[in-house]
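Student: For what it's worth, numbering that gives the first Met the number 0 labels the leading residue of the sequence shown as 0, then goes sequentially. For each residue, glycine too, the CB sits at the ideal point set by N, CA and C.
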Amino acid sequence: MSFGDWIAIAALVIPSAASLGALLKWFGNHSERLRTAEVQINHLKERQTDDIQWIRSAVIRIEDKIDRKADR
């Protein structure tokens, strides 16, 4: 390989390493915010599940009331 080939390779590798370093630094700086967002998403999923269960039980209660009124 000639000296020009090494320069071409370095021109590709150095910016890639810098980009990777910048990406790792960004993740390091924002990891807490990303974890917080993940916890909030999980909380919303649990809340949605709780809401669905509450709605189902409310529908069952309403159906039971309608059945009791129909039986009268």
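#1: Using three-state DSSP, classify R71 as helix, strand or coil.
#2: Please report the distance separating the alpha-carbon of A157 from that of Q52.
#3: Looking at the C-beta of Q52, does it have a partner C-beta in chain C at a distance below 7 Å?
Tutor: So, to answer that:
#1: coil
#2: Outside the displayed span of the chain (0 to 71) sits residue 157, for which this structure offers no information.
#3: In summary, chain C is missing from the structure at hand, where a single protein chain is found.
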